[in-house]
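Residue numbers (my numbering): 1030 to 1441.
Presented below is the structure to which this report refers.
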Amino acid sequence: MASKGISFLNGKVSNGTVMLSWYKTTLLFESNEQDEFSEFSVYRKCADDFAFGSDYEEFFCGMLPESSDLIYCGPVECSNNRKYLFQDKQAEMGKVYAYFVKSRTLPAVGPVPLKIRDPEVWWSYETLKSRLLQLQQDYPAMVNLQTSGRTVEGREIFSLKMGSGVTALGLAGAMHPGEAGPELIISALEKILHESPEILKKCAIVVIPSINIDVRERLAQGRPWYLRKNIAGVDLNRNFPVNWDNIGKEYGLSTDDPDSATYRGASPASEPETKAVMKFFADCKPAVIFSFHALAGICDIPAIGAGNVDQSDSEFYELSKRFVNAYGTGLHPELTPDDSWLAFAGSGGSLLCWAWQELRIPAFDLELSMTIAPEALQKCRIDHTDRCLLEEYSIRHSRAIINILSNFHLTQ
Ligand SMILES: [Zn+2]
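The structure is reproduced here in structure tokens:
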């Protein structure tokens, strides 16, 4: 008799429903064993103490089905005499679970860890695509939707050009998949098109709303922990062909270490996502780029600018300050700009350094700070961003974008 009845146990969430799939092991499939698979038990354990940003895959390793809830016992439909599919429609939004599956007499397999994320807060690739197509359909004269490349797994990397003016604002989302991107950017753009379309007669917005789409899809499908790299294991914000030999050691990680969450990749611009971003911004030449970072769907000031600039380049610093103050004032009309709004980092391989060095475009990573937005930071750092916070931030960013566009004449 085989030691396990089940292999390739897998799970994903689709629109709030958990879908588990598994196969008969090769040995039992070949021996045409039927009785062992006449019924299955599915167990679910609530992982309430899992902490996004602190806990990773190891949290679940070695977890046993003991003390978990038996949520189903009975026959499961089989396809091709080998594959089984099971749906758990009772899983609760926002919860993290570990699933186990057991055939009739052999030991249970698992865990399969899943977080049930709100599909309105974490868009799937399908949602991204349909929201973009809808935008183009609603504003055909204003929105030009294109594909600027394909990811490692072959998904389309979408780009948008909006408006008829020459001077453009550039936006980039989800360079790091566990951070901010399409949900915030596209919602903000929808508001601008709806409420202030006249501004786009004088200028333009050029956007890649979601760069790291493959891994974003893993999060939308329920991978519980924070993810930063692309599916090939490369930190895209260290993969640009700039200051390549400047090995970054931030966060106690090393950009030349393939095990590190900040790994730069095997060679400059090795990743198709990096190439797509480079080509898009080199073609469009926006006056400034804001790249959305921070955590779990939202971002704010401070803005981080390219730190590889000659310290005597006061023109760059003045220009940076004007752009960041304009964006920040739109985000927070109640605040007065101060020095804490803008910082600089010189990571080798970053979009910021590449954009300035190669294209002379000032570019900024938008993050979040405890002094400016303590409540928002407390929520998003544990992946508790909800529809309400996302809506608040899409209003803030639509104001910030309009503020940049209406102040372009001051930065020329
Ligand atoms: Zn980031």
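The beta carbon of each residue, even a glycine, is placed where N, CA and C say it ideally should be.
{"query": "May I ask which residues mark the beginning and end of the beta strand (DSSP E) holding Cys1102?", "result": "Asp1098 to Gly1103"}
{"query": "Spell out the partners DSSP gives Gln1175 in its beta bridges.", "result": "Ser1188"}
{"query": "Given the structure, does Met1204 come close to ligand 1, in the sense that its CB is under 7 angstroms from one of the ligand's heavy atoms?", "result": "yes"}
{"query": "In chain order, what residues of the same chain have a beta carbon less than 7 angstroms from the beta carbon of Glu1149, not counting five sequence neighbours either side?", "result": "Arg1416"}
{"query": "Give me the DSSP bridge partner(s) of Trp1051.", "result": "Tyr1113"}
{"query": "What are the start and end residues of each continuous alpha helix (DSSP H) run of 4 or more residues lying completely inside the region 1191 to 1233, in chain order?", "result": "1211 to 1224"}
{"query": "Kindly examine ligand 1 and report whether one of its heavy atoms sits closer than 7 angstroms to the Cβ of Glu1279.", "result": "no"}
{"query": "Can you check DSSP and say which residues form a bridge with Tyr1154?", "result": "Answer is none; Tyr1154 lacks a bridge partner."}
{"query": "Can you look up Pro1366 in the DSSP assignment and give me helix, strand or coil?", "result": "coil"}
{"query": "Shorter than 7 angstroms, the distance from the beta carbon of Asn1266 to the closest heavy atom of ligand 1, or not?", "result": "yes"}
{"query": "Can you tell which of Ala1325, Gly1326 and Phe1321 has its C-alpha closest to the C-alpha of Gly1334?", "result": "Phe1321"}
{"query": "Can you tell which of Lys1041, Glu1095, Leu1218 and Lys1144 has its C-alpha closest to the C-alpha of Ala1080?", "result": "Lys1144"}
{"query": "Taking only the alpha-carbon atoms, compute the straight-line gap between Ser1067 and Val1141 and give it to the nearest angstrom.", "result": "22 angstroms"}
{"query": "The alpha helix (DSSP H) with Ile1333 in it runs from where to where?", "result": "Per DSSP, Ile1333 belongs to no alpha helix (DSSP H); it is in the beta strand (DSSP E), Ala1332 to Ala1335."}
{"query": "Should Glu1208 be listed as close to ligand 1, given that the test is whether its C-beta is under 7 angstroms from any heavy atom?", "result": "yes"}
{"query": "Which residue or residues does DSSP assign as beta-bridge partners of Thr1046?", "result": "Ser1043"}
{"query": "Please go through the same chain and pick out, in chain order, the residues whose beta-carbon is closer than 8 angstroms to the beta-carbon of Arg1428, but skip the five residues on each side of it.", "result": "Gly1359, Leu1360 and Pro1362"}
{"query": "If you follow the beta strand (DSSP E) that Phe1373 is part of, which residue opens it and which one closes it?", "result": "Leu1371 to Ala1374"}
{"query": "Thinking C-beta only, is Met1171 closer than 8 angstroms to Leu1229?", "result": "yes"}
{"query": "Could you give the distance in angstroms between the alpha-carbon of Gly1202 and the alpha-carbon of Gln1116?", "result": "32 angstroms"}
{"query": "Leaving aside the five residues before and after Lys1033 along the sequence, list all residues of the same chain whose C-beta is less than 8 angstroms from its C-beta, in chain order.", "result": "Thr1054, Leu1135, Pro1136 and Val1138"}
{"query": "Is it the case that the Cβ atoms of Ser1239 and Gly1210 are separated by a distance below 8 angstroms?", "result": "yes"}
{"query": "Going along the chain, which residues of its own chain have a beta-carbon closer than 6 angstroms to the beta-carbon of Trp1370, five neighbours each way excluded?", "result": "Ile1330, Pro1331, Val1353 and Gly1357"}
{"query": "Quick one: does the C-beta of His1223 sit closer than 7 angstroms to a heavy atom of ligand 1?", "result": "no"}
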